[in-house]
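If you're matching them up, the sequences are chains A and B in order.
Yeah, the first sequence ends on 702 if you go by my numbering, and it's all consecutive.
Yeah, the second sequence ends on 702 if you go by my numbering, and it's all consecutive.
2 protein chains.
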Amino acid sequence: MSIDREQPGMAPGEGAALCLRDMGAFHVGGAALSLSDLPITKKVLAAGGEPVRMDPNGTYWVGQMYAQYFFPAQPLSSVPLQLWHGGGLTGACWETTPDGRPGWLNYFLRQGWDTYLCDAAERGRAGYAPDHVWGAPISQTAESVFERFRIGEGIHGLDEQGLTQHAFRGGQFPAHAFPSMVRQMVPRWAHTDSVILEAYASLLERTGPSVVVCHSQGGMFGLTLAMAQPDKFRAVVALEPAAVPASSEPGTLYDVPTLIILGDRIETDARWPSIRARIREFAARHPSVDILSLPELGITGNSHMLMMDANSQQVAGLVQQWLARKLLSS
Amino acid sequence: MSIDREQPGMAPGEGAALCLRDMGAFHVGGAALSLSDLPITKKVLAAGGEPVRMDPNGTYWVGQMYAQYFFPAQPLSSVPLQLWHGGGLTGACWETTPDGRPGWLNYFLRQGWDTYLCDAAERGRAGYAPDHVWGAPISQTAESVFERFRIGEGIHGLDEQGLTQHAFRGGQFPAHAFPSMVRQMVPRWAHTDSVILEAYASLLERTGPSVVVCHSQGGMFGLTLAMAQPDKFRAVVALEPAAVPASSEPGTLYDVPTLIILGDRIETDARWPSIRARIREFAARHPSVDILSLPELGITGNSHMLMMDANSQQVAGLVQQWLARKLLSS
């Protein structure tokens, strides 16, 4: 299997029809939760509609997640591949890129993977708990995201000229299309990690052992679950995981084949040098973990949003090659 | 074109591969919004991660919506079909039904429609505004939804036996799978109608004239926009629209071919008799509007969630036949 013969910037098979033997979606995980003793109100829910008595006391489902599945007509492998997004994002980050190119969902589908496109608990089509349960979420400003995702620095507002001017020179993120990425951002919470992990565990219980391609906050979830339930993972590909599992005990086992990919400009970032140090310690302790630092391969300019960068297909190709070497040839 | 020869409960072509010439997603609509003078905090966003300075002052994008598109390899028509969900729901309601059958997305794709699966502004992958902008959303209890969606009455909690016992006898909704529908529910606001309408207008600007299949709150949006911008609509199919456009002036034009579908048990509902009365007035004033009352056709037991009911494929078939008569034969 080689992606080297493909046209640059073009997904394998792009242009040809994508044939699926099935597609659909489901929610999984979470639990029923009852609320009581809250005040009753009346609200008109649609202009011109009848007022509805809103009694918040009763049963909700809380902590579930959402997965869409796309199964190619001619699958490459009996193992499915799952796409787990990062914090403040949804499964949409793996679809069409902000500047309109095919995303990693289409890439891996065209490679023949049975693919699950996930919205973690608390966001996107997964939904989130009533206000009474988790309190108000956090929303991130465009200015902060531009900097923390290592696209550039010092923007104020979203005018295209400012974005292009303040993007890092040689950066791979399509800065002019940054507003389309900002539209993808969703509010998040900072204390729901265990809820999200449980939902992912329920998902894997349903899907069976999988290749998990995960990003940022999702990278942390992927690595953490792979350590706790290695039998549910055939491989983990973590794009710039926001954290690695703490393994204070020297003998802690982690033997899932794992690829951690790092982008560029980590040295000059406020947070990434220490995250990378912990990633390196983690890889040093666990021989099943490979680190792929793109700048060290001569691939420069990648932001935190590797699946959206101008060279996203090239990075996807590296993932596919690593997976082929680790899984498909054995 | 006839669906009558198909096996009952089976979508046309189900079992055969579904071939797409393209699929992807985008966000559209909304506007940048700046917040200032709010307090700054510091939060750890991923367990074991580095604390992040959270400055809520800055730029957000607010009021955008999300659309996934699926374009069959062999389209039926040059006009796309859009699926607009109801209140407290997302595009997921058109996918796999709560009891695991193919939903209307797959049905219309297999009929050959270029299909947009939408999340309206404020929910799902569309995201929602920071807490400072819209305030806290409303969440609906399972007990209230069970009653208001005319599935049954008097449940407390979500145990399967209780659900089956309290479902209306002869009802079409798969009551045992109601928890899977509850997991689909998302919080909503009651004062964002104009934001949502503007986003849908932006979507239609991008997609061009469409057939819009819309439900409940989405039905109200579909009919309202079709009255305001008839050139953007080839047809509207409104499943139990929560409201119809007010047209106090007798000469108000509404000439988009429109089908309004009503389910069963409206007479005994607290709100639906008056909504239906307004729907009938609306249809009486505008000859382009057809009403299809399922019980009057001898199709009984349908809930408010027509696309999830046990006979959802039969109802989809009626929609397809009406569309074929109105559009494809002309």
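Backbone N, C-alpha and C fix where the C-beta goes; we use that ideal spot for every residue, glycine too.
Note that this is a predicted model, so its numbers are computed, not measured.
Using the beta-carbon of each residue, which ones in chain B are nearer than 7 Å to residue i?
| i | result |
| --- | --- |
| A:T431 | T513, A514, E515, G529, L530 |
| A:P474 | G396 |
| A:R643 | E422 |
| A:A404 | G529, L530 |
Is there a C-beta anywhere in chain B that falls below 7 Å from the one on residue i?
| i | result |
| --- | --- |
| A:H399 | yes |
| A:P411 | no |
| A:R393 | yes |
| A:A389 | yes |
| A:Q436 | yes |
| A:V608 | no |
| A:A547 | no |
| A:E577 | no |
| A:T462 | yes |
| A:M553 | no |
| A:P380 | At A:P380, the pLDDT of 42 sits below 50, so the modelled position is not reliable; the number obtained from the coordinates is stated separately. Taking Cβ atoms only, chain B never reaches closer than 7 Å to A:P380, which makes this a no. |
| A:G496 | yes |
| A:I568 | no |
| A:A615 | yes |
| A:A445 | yes |
Do residue j and residue i come within 7 Å of each other at the CB atom, strictly closer than that value?
| i | j | result |
| --- | --- | --- |
| B:P370 | B:A682 | Only positions 373 to 702 of chain B appear in this structure, which leaves residue 370 of chain B out of reach. |
| B:T462 | A:R497 | yes |
| A:L664 | A:L631 | yes |
| B:Y626 | B:F593 | no |
| B:L595 | B:V616 | yes |
| B:A397 | B:Q440 | yes |
| A:P629 | A:K698 | yes |
| B:G458 | B:G590 | yes |
| B:L390 | B:F443 | no |
| B:A539 | B:D471 | no |
| A:F480 | A:L453 | yes |
| A:S574 | A:V400 | yes |
| B:W485 | B:M679 | no |
| A:I523 | A:G534 | no |
Quick one: is residue i near chain A, going by C-beta distance under 7 Å?
| i | result |
| --- | --- |
| B:E422 | yes |
| B:D376 | Residue confidence for B:D376 is low, a pLDDT of 36 falling below 50, so the modelled location carries little weight; the figure read from the coordinates is stated next. It does not; no Cβ of chain A falls within 7 Å. |
| B:E653 | no |
| B:R637 | no |
| B:A439 | no |
| B:R657 | no |
| B:R482 | no |
| B:A598 | no |
| B:F550 | no |
| B:A688 | no |
Between the Cα of residue i and the Cα atoms of the options, which residue gives the shortest distance?
| i | options | result |
| --- | --- | --- |
| B:E525 | B:D531, B:E515, B:S450 | B:E515 |
| A:V687 | A:E653, A:K698, A:I671 | A:I671 |
| A:V585 | A:P659, A:S574, A:R606, A:E570 | A:R606 |
| A:H504 | A:L392, A:L405, A:G387 | A:L405 |
| A:E519 | A:A600, A:R560, A:R697, A:T640 | A:T640 |
| B:V558 | A:G499, A:M599, A:A549, A:M557 | A:G499 |
| A:A618 | A:T487, A:I647, A:A642, A:K604 | A:I647 |
| A:Q685 | A:M426, A:Y488, A:R473, A:I633 | A:R473 |
| B:T579 | B:S566, B:E668, B:L455, B:E612 | B:L455 |
| B:D409 | B:Y479, B:P428, B:R541 | B:P428 |
| B:M426 | B:K414, B:W561, B:R555 | B:K414 |
| A:T431 | B:S582, B:S511, B:R541, B:I568 | B:S511 |
| B:L576 | B:N478, B:Y488, B:I412, B:L407 | B:Y488 |
Under 7 Å Cβ-Cβ, which residues of chain A neighbour residue i?
| i | result |
| --- | --- |
| B:M426 | I510 |
Chain A partners of residue i, CB-CB under 8 Å?
| i | result |
| --- | --- |
| B:D503 | A508, P509, S511, P559 |
| B:V661 | None at all; the shortest Cβ gap to chain A is about 16 Å. |
| B:N478 | M395, G396 |
| B:I647 | G421, E422 |
| B:T468 | G396, A397, F398 |
| B:A493 | Here the premise fails: no neighbours, minimum Cβ distance about 10 Å. |
For the putative contact between residue i and residue j, defined by C-beta atoms under 8 Å, what is the C-beta separation to the nearest angstrom?
| i | j | result |
| --- | --- | --- |
| B:Q692 | B:Q483 | 6 Å |
| B:A403 | B:M437 | Incorrect: roughly 12 Å between the Cβ atoms, too far for contact. |
| A:G635 | A:S675 | 6 Å |
| A:V416 | A:P423 | 5 Å |
| A:G460 | A:T468 | Actually they are not in contact, since the Cβ atoms of A:G460 and A:T468 sit about 19 Å apart, beyond 8 Å. |
| B:I633 | B:L597 | In fact, because the Cβ distance is near 18 Å, the residues do not count as touching under 8 Å. |
| B:M395 | B:F521 | With a Cβ gap of about 30 Å, B:M395 and B:F521 do not count as contacting. |
Mind pulling the chain B residues with CB within less than 8 Å of residue i?
| i | result |
| --- | --- |
| A:A682 | Residues of chain B passing the Cβ test: none, with the nearest at roughly 17 Å. |
| A:Y500 | V558, P559 |
| A:E612 | Under the 8 Å cutoff, chain B gives no residues; its nearest Cβ is about 11 Å from A:E612. |
Taking 6 Å as the cut-off, is the CB of residue i close to at least one heavy atom of the ligand MG?
| i | result |
| --- | --- |
| A:L392 | As for the ligand MG, it is missing from this structure, which has no ligand bound. |
List, in chain order, every chain B residue whose beta-carbon is nearer than 9 Å to that of residue i.
| i | result |
| --- | --- |
| A:A539 | Result: empty, since nearest Cβ-Cβ is about 16 Å, beyond 9 Å. |
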